[in-house]
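Notes for the one structure printed next.
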Amino acid sequence: MGHLLGLQARVSAPSPTLRERVKDVVVIASSSRGGSSLLAEILRRIPGLLHFHGEVNPFFVLAGLAFPESRTGSDRLDASHLALEPQVRALDRLLLEDCGLPVDDLTAPDIRSRFIQRLLWRLAAQWPGLDVRPDELEDALDRALRTTTPADASGLHLRVLLALRPRHPGINPYYYDIARDRVREADPTIPFPDGPHADRVVEEPPFITPPPTRPPSPEELEHHPLVIKTPSNAYRLPFLAGFFPRARFRVLHLTRNAAASINGLFDGWRHLGFFSHPFPGRLAIPGYSDVCGPWAADWWKFDLPPGWEAFTHRPLTEVCAFQWRSAHEATLDFLEHRPVDSHRLAFEQILEPRTRTDALKSLAQWLGVPLEAPAATEIFAQLPVIMATEHPRNHRWLERAEMLEPVLASPPLRDTMRRLGYDDVPDTWL
7 MGHLLGLQAR VSAPSPTLRE RVKDVVVIAS SSRGGSSLLA EILRRIPGLL HFHGEVNPFF
67 VLAGLAFPES RTGSDRLDAS HLALEPQVRA LDRLLLEDCG LPVDDLTAPD IRSRFIQRLL
127 WRLAAQWPGL DVRPDELEDA LDRALRTTTP ADASGLHLRV LLALRPRHPG INPYYYDIAR
187 DRVREADPTI PFPDGPHADR VVEEPPFITP PPTRPPSPEE LEHHPLVIKT PSNAYRLPFL
247 AGFFPRARFR VLHLTRNAAA SINGLFDGWR HLGFFSHPFP GRLAIPGYSD VCGPWAADWW
307 KFDLPPGWEA FTHRPLTEVC AFQWRSAHEA TLDFLEHRPV DSHRLAFEQI LEPRTRTDAL
367 KSLAQWLGVP LEAPAATEIF AQLPVIMATE HPRNHRWLER AEMLEPVLAS PPLRDTMRRL
427 GYDDVPDTWL
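Here my numbering runs 6 ahead of the position in the sequence shown, where the first position is 1.
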């Protein structure tokens, strides 16, 4: 951790903090596997919004504001944590440095230098203990740019990783959000992994492949909404509202029906990624610990809601239902008790071609960045597949309908579904 913070300090230049500058914050509150990665990618294509490179969990880890250092026993943070001044200052610095706007050209020396420094930081976060020298990365980037361009962020990252592997064979591109076929075609000798990539996690796999960015100007920080996407933030809303004391604080509540989300979580628990918290020998989750290898007795996946301890020996479907319901109940409870501006968006509206354009136009209007219908249509036409465990298709959960039926029939879960505006007709659950 110290190596990462030291690297971040070299990247960062003294400047006013993010908390002092930002005047408009929008937190996407959702469950894991609820569509937030795709929504964030859509929003990145709308001018006038600011973003981080990916999820913000790594910065909470490094700042000492994540489990277990937070001492809440879960992903929960509240306003009392704002009194932890060293941790809050560290988080502020980390977030400021990561905020950026994408560019597709690496010829400018300052953009290239920023990209290399961010790659160094990401590699250290993704592979704890790895120490790639700047000159190594410079050479790897030069070699990668001979066969690809910055506009192809996944391809550029893949080529950089392949160039680094001879000296750092522990780097495995299969842990990145890169199509498996693309990795296999680039180098069929790379072994397909089984299990966690390290014994501790700063960034959860699949690792992101962000494009080059430039830092936002002071004017952009002050006038453009900053969008924050990380499912665990459903349990941090009171903290985040206080973390930005000078900003208008808004919540974009992204919902998805329980059947589709729980099915996606089930896939993710049995996927090679999404490792979040090591609990050596503490897990005996039927459907996971007994089928995924010896490491599945040790590793929790996705977010860590309050009360997770009661689910370390429950069936995987119940664990997934617990994670889905906990995230939405935390969001609903926050919105009921705090007078903040919010907008609810059903992910089904984004999936359905007949409703997606109007849904995106309505969202853009709420965000304050109006979007015309042709531009919205073009955004959807260009979207890549993001963080998928299976090829996306509607009603995929029906393949496990019999297995999911007991948790979907649970009265507390049905109550949450109704609070989110979903009816009891499975045909509408995309």
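All C-beta atoms, glycine included, are put in the ideal place defined by N, C-alpha and C.
No experiment lies behind these values; they were computed from the predicted model shown.
Worksheet item: With a CB to CB cut of under 6 angstroms and the five nearest residues on each side skipped, what residues in its chain are close to Arg-82?
Response: Tyr-241 and Pro-312
Worksheet item: Tell me which same chain residues have a C-beta within less than 7 angstroms of the C-beta of Phe-255, skipping the five on either side of it?
Response: Val-31, Ala-247 and Val-346
Worksheet entry | Between the CA atoms of Arg-425 and Leu-13 - distance to the nearest angstrom | At Leu-13 the pLDDT is 47, less than 50, meaning the model places this residue with poor confidence; the figure from the coordinates comes in the next sentence. Those two C-alpha atoms are separated by around 45 angstroms.
Worksheet item: Leaving out five residues before and five after Ser-80 in sequence, what residues of the same chain have Cβ atoms less than 7 angstroms from its Cβ?
Response: Phe-73, Tyr-241, Leu-310, Pro-311, Pro-312 and Trp-314
Item to complete: Pull up the distance between the alpha-carbon of His-283 and that of Ala-379, whole angstroms please.
Response: 42 angstroms
Discussion item. Distance check for Leu-419 and Ala-327, CA to CA, integer angstroms please.
Written reply: 8 angstroms
Fill in: Check whether Asp-98 and Arg-25 have beta carbons under 7 angstroms apart
yes
Item to complete: Count the other C-beta atoms from every protein chain shown that fall within 10 angstroms of the C-beta of Ala-352, then say buried if there are 16 or more, exposed otherwise.
Response: buried
Fill in: Among His-334, Asp-141, Phe-250 and Arg-171, the one whose alpha carbon lies nearest that of Met-423
His-334
Worksheet entry | Short Cβ contact (7 angstroms threshold) for Lys-235 with Ile-52 | no
Worksheet item: Just how far apart, CA to CA, sit Glu-324 and Ala-303?
Response: 17 angstroms
Item to complete: Round the Cβ separation of Pro-237 and Ser-76 to the nearest angstrom and send it over; I've been treating them as touching at under 8 angstroms.
Response: At roughly 16 angstroms, the Cβ-Cβ gap does not stay under 8 angstroms, so Pro-237 and Ser-76 are not in contact.
Worksheet item: Taking the C-alpha atoms as reference points, what is the distance between Asp-205 and Lys-367?
Response: 44 angstroms
Item to complete: Return the bridge partner residues of Thr-219 from the DSSP annotation.
Response: Pro-108
Practice prompt. Would you mind listing the alpha helix (DSSP H) stretches within the segment 224–286 that are 4+ residues and don't spill past its ends, in chain order?
Written response: 224–229, 243–249 and 264–275
Worksheet entry | Nearest-angstrom beta carbon gap, Phe-340 and Arg-362 [assumed within contact, 8 angstroms] | So it is not a contact: roughly 27 angstroms between Cβ atoms.
Worksheet item: Can you give the Cα-Cα distance for Asn-269 and Leu-410, rounded to whole angstroms?
Response: 8 angstroms
Worksheet item: In the DSSP assignment, what residue or residues form a beta bridge with Val-32?
Response: Val-233 and Arg-256
Item to complete: Could you tell me the distance, in whole angstroms, from the CA atom of Pro-179 to the CA atom of Ala-159?
Response: 14 angstroms
Worksheet item: What are the residues that DSSP puts in a beta bridge with Leu-56?
Response: Leu-232
Worksheet entry | Reduced DSSP secondary structure (H/G/I, E/B, other) of Asp-98 | helix
Discussion item. Am I right that Arg-39 and Ser-332 are in contact with their C-beta atoms under 8 angstroms? What's the rounded C-beta distance?
Written reply: The Cβ separation is near 13 angstroms, so there is no contact.
Worksheet item: Do the segment 180–187 and the segment 151–158 touch if we need at least three Cβ pairs shorter than 8 angstroms?
Response: no
Practice prompt. Decide if Gln-93 is buried, meaning its Cβ has at least 16 other Cβ atoms within 10 Å, or exposed.
Written response: buried
Worksheet item: Which residues in the same chain have their Cβ closer than 7 angstroms to the Cβ of Arg-288, if we skip the five residues on either side of it in sequence?
Response: Thr-318
Worksheet item: So what does DSSP say about Ala-159, is it helix, strand or coil?
Response: helix
Worksheet entry | Outcome for Val-207 when other beta-carbon atoms lying within 10 angstroms are tallied against a minimum of 16 | buried
Discussion item. Can you tell me whether Ser-37 is helix, strand or coil according to DSSP?
Written reply: coil
Discussion item. Determine whether the beta carbon atoms of Leu-107 and Thr-219 lie at a separation below 7 angstroms.
Written reply: yes
Worksheet item: What residues are listed by DSSP as bridge partners for Leu-351?
Response: Leu-260
Item to complete: Under 7 angstroms Cβ to Cβ from Leu-129, same chain only, skipping five residues before and after it: list those, please.
Response: Leu-136 and Val-138
Item to complete: State the Cα-Cα distance for the pair Pro-412 and Pro-321, rounded to the nearest angstrom.
Response: 11 angstroms
Discussion item. Please state whether the Cβ-Cβ distance between Leu-55 and Val-233 is less than 7 angstroms.
Written reply: yes
Worksheet entry | Cut-off 6 angstroms between Cβ atoms - residues of its own chain near Ala-59, not counting five sequence neighbours on either side | Here residue 59 turns out to be His, not Ala, going by the sequence shown. Hits under 6 angstroms: Asp-104 and Pro-216.
Worksheet entry | Start and end residues, beta strand (DSSP E) containing Trp-314 | That residue, Trp-314, is in no beta strand (DSSP E); it is neither H nor E in DSSP.
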